[in-house]
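Everything on this sheet refers to the single structure shown next.
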Amino acid sequence: MSAETHCFLSSVTQRETSVPGGSGFDTLIRFRLFKVTRNCSCIEAPEPIVDDEANFVTENQASVLSSSFKQLKYRPHYRQVMAQVLSGMGVPGHEHAAIVDKIFEVVKVAVPGVPIIVGIGDVTVRFVDSTCTTSNLGLEDVTVQSNGEDFEHKNLGLRTYG
Numbered sequence: 001m002s003a004e005t006h007c008f009l010s011s012v013t014q015r016e017t018s019v020p021g022g023s024g025f026d027t028l029i030r031f032r033l034f035k036v037t038r039n040c041s042c043i044e045a046p047e048p049i050v051d052d053e054a055n056f057v058t059e060n061q062a063s064v065l066s067s068s069f070k071q072l073k074y075r076p077h078y079r080q081v082m083a084q085v086l087s088g089m090g091v092p093g094h095e096h097a098a099i100v101d102k103i104f105e106v107v108k109v110a111v112p113g114v115p116i117i118v119g120i121g122d123v124t125v126r127f128v129d130s131t132c133t134t135s136n137l138g139l140e141d142v143t144v145q146s147n148g149e150d151f152e153h154k155n156l157g158l159r160t161y162g
């Protein structure tokens, strides 16, 4: 039996540190989406990952005024702009908040006028061993309860220890 799981990973960086001029310059935010497939083996080995494939999918960008982007009162506007860019790239809505929060963290210390790079990985992990199950991967089914009633019973991909 094979198992498969899916997630989104993201990173936000500003690589260059040279100052192109004074404050208030437009800053370009580049969004790059990659489709990543990771094939893993459940057989215990020093390196269980068989291979990774990362393919560039799309790129989009937004130009923001650095002086206003750093101000809290403009965050709702910029949050909406960033969400529109992410939606246009096919990133699911439930992933937007985490990515935009990372952008705001980088913006706090960003150099105006120097591009900010947002890397997004649409990751599919396939466990390709025929004996692979979620239980032998250390993943358990979790039951969510409230007032003694079961609301949901599914594998949430939570790793348990002990």
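The C-terminal position of the sequence shown is numbered 162 in full-length UniProt numbering, with every residue numbered one higher than the one before it. Ideal placement from N, C-alpha and C gives every residue a C-beta, glycine not left out.
Within its chain, find whatever has a CB closer than 6 Å to the CB of residue i; leave out the 5 residues flanking it on each side and keep chain order.
{"i": "K35", "result": "N55, V57 and D122"}
{"i": "I117", "result": "T13 and R30"}
With a CB to CB cut of under 7 Å and the five nearest residues on each side skipped, what residues in its chain are close to residue i?
{"i": "N60", "result": "F31, V85, G88 and M89"}
{"i": "Y78", "result": "V64 and F69"}
{"i": "K102", "result": "S10 and V12"}
Have a look at residue i and residue j and give me their C-alpha separation to the nearest angstrom.
{"i": "S41", "j": "L72", "result": "46 Å"}
{"i": "residue 176", "j": "E53", "result": "Residue 176 lies beyond the range of the chain shown here (1 to 162); nothing can be said about it."}
{"i": "D141", "j": "T5", "result": "Only weak support is given to the placement of D141: the predicted model assigns it a pLDDT of 42, under 50, and the question is left unresolved by the model."}
{"i": "Q80", "j": "D26", "result": "18 Å"}
{"i": "E95", "j": "K108", "result": "21 Å"}
{"i": "G22", "j": "A98", "result": "Confidence in G22 is poor, its pLDDT being 49 and thus under 50, which makes the residue's placement too unreliable to answer from."}
{"i": "F104", "j": "S66", "result": "11 Å"}
{"i": "P76", "j": "G93", "result": "16 Å"}
Can you round the beta-carbon distance between residue i and residue j to whole angstroms, since I take them to be within the 8 Å contact cut?
{"i": "S11", "j": "G119", "result": "5 Å"}
{"i": "F8", "j": "V100", "result": "With 8 Å as the limit, F8 and V100 do not qualify as a contact, their Cβ atoms being about 13 Å apart."}
Starting from residue i, trace the alpha helix (DSSP H) in both directions and tell me its first and last residue.
{"i": "G88", "result": "R75 to G88"}
{"i": "A98", "result": "G93 to K108"}
Short check: CB of residue i to CB of residue j, under 8 Å?
{"i": "A62", "j": "M82", "result": "yes"}
{"i": "R15", "j": "V125", "result": "no"}
{"i": "L33", "j": "P115", "result": "no"}
Where does the unbroken beta strand (DSSP E) through residue i begin, and where does it stop?
{"i": "S11", "result": "A3 to T13"}
{"i": "L28", "result": "D26 to C40"}
{"i": "V118", "result": "I116 to F127"}
Whose C-beta lies closer than 8 Å to the C-beta of residue i among residues of the same chain, with five residues either side of it excluded?
{"i": "Y74", "result": "S68"}
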